[in-house]
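In the numbering used here, the protein residues as written are 176 to 463.
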């Protein structure tokens with residue numbers, strides 16, 4: 176046998192494929208690229224027509240978050256600033272020395288009068304605004320024993336490391352705008368006798384501080400914090416449904432152990448369980 180006849184023979188296999196499959200295989204890269212491009216154009220159009228927005232709830236929540244430390248700092252400053260005694264004219268300047276800084280006069284420029292004295296009986300923030308980031312302007316109401324209630328505007332600034340500082344001189348200002356007291360009108364009256372009875376009994380035990388008796392009218396899981404001053408319920412003058420039908424508003428007459436009489440308003444959450452009315456909350460949520 177010759178060498179040529181011993182050489183291996185290579186087999187060739189011929190397979191038939193549909194023409195559409197051949198075209199799809201050849202065109203696949205171009206089709207994928209076109210799909211990606213169309214997806215990008217669609218996304219761009221969506222953001223152009225309807226761009227994402229920050230919800231108002233998020234923005235308002237961030238603005239409304241109080242800075243308790245800054246408020247306390249403003250109140251403390253107001254108490255020191257408004258307290259003075261002619262017998263110790265330098266005491267106020269010394270008390271405010273930790274608040275002053277570069278460009279601010281000692282004692283913030285206050286000069287003690289030749290006679291008299293003034294003390295602050297209480298002080299608290301009644302209004303606040305935030306003119307710029309990390310800046311707060313507080314209106315502090317201070318009850319003094321000499322000039323009555325004074326309103327002092329104090330600007331507080333937080334430094335980069337969160338340090339609080341008085342930003343400039345204080346200012347005497349007027350009180351926030353006030354209006355007459357209003358009482359909700361047009362509310363439907365509670366006419367169901369069973370609910371009226373439960374509310375009256377629950378409020379009587381609540382005002383008297385009788386936790387054991389009140390518990391009989393509370394719903395499962397209700398948590399009620401009793402007032403610190405014991406009162407006797409004289410009468411319920413109004414009992415109306417609040418919007419939503421899950422709470423009632425009770426206006427009551429009450430009296431303390433000294434004979435002082437009060438007209439008070441209480442909002443109570445009520446639920447109906449197994450055919451009877453129960454109280455699930457009285458005016459406040461002690462857990463929040």
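We treat Cβ as the ideally placed atom computed from N, Cα and C, and that holds for glycine.
No experiment lies behind these values; they were computed from the predicted model shown.
- Annotated three-state conformation of residue 460 is coil, per DSSP.
- Using a 10 angstroms sphere on the CB of residue 387, the tally of other CB atoms stays under 16, which defines it as exposed.
- A direct Cα-to-Cα measurement between residue 430 and residue 417 gives close to 26 Å.
- Between residue 454 and residue 443 a beta carbon distance of about 6 Å is seen, short of the 8 Å cut, so the two are scored as contacting.
- Residue 423 sits close to residue 415, with the two beta carbons spaced by under 9 Å.
- A direct Cα-Cα distance of roughly 15 Å separates residue 456 from residue 379.
- Relative to the Cα of residue 341, the nearest Cα in the group 280, 412 and 449 belongs to 280.
- With a threshold of 16 other beta carbon atoms within 10 Å, residue 434 falls short and is exposed.
- The Cβ-Cβ distance between residue 287 and residue 270 does not fall below 9 Å.
- For the options 242, 397 and 409, the alpha carbon positioned closest to that of residue 446 is the one of 397.
- The shortest C-alpha to C-alpha distance from residue 332 to any of 357, 461, 460 and 246 is the one to 246.
- Distance check between residue 352 and each of 314, 412, 437 and 377 places 314 closest, using alpha-carbon atoms only.
- Of the residues assessed, residue 345 falls on the buried side of the cut-off, its CB having 16 or more other CB atoms within 10 angstroms.
- Between residue 399 and residue 355, the gap from beta carbon to beta carbon reaches 9 Å or more.
- In this structure residue 321 is in contact with residue 291, their Cβ atoms being roughly 7 Å apart against a cut-off of 8 Å.
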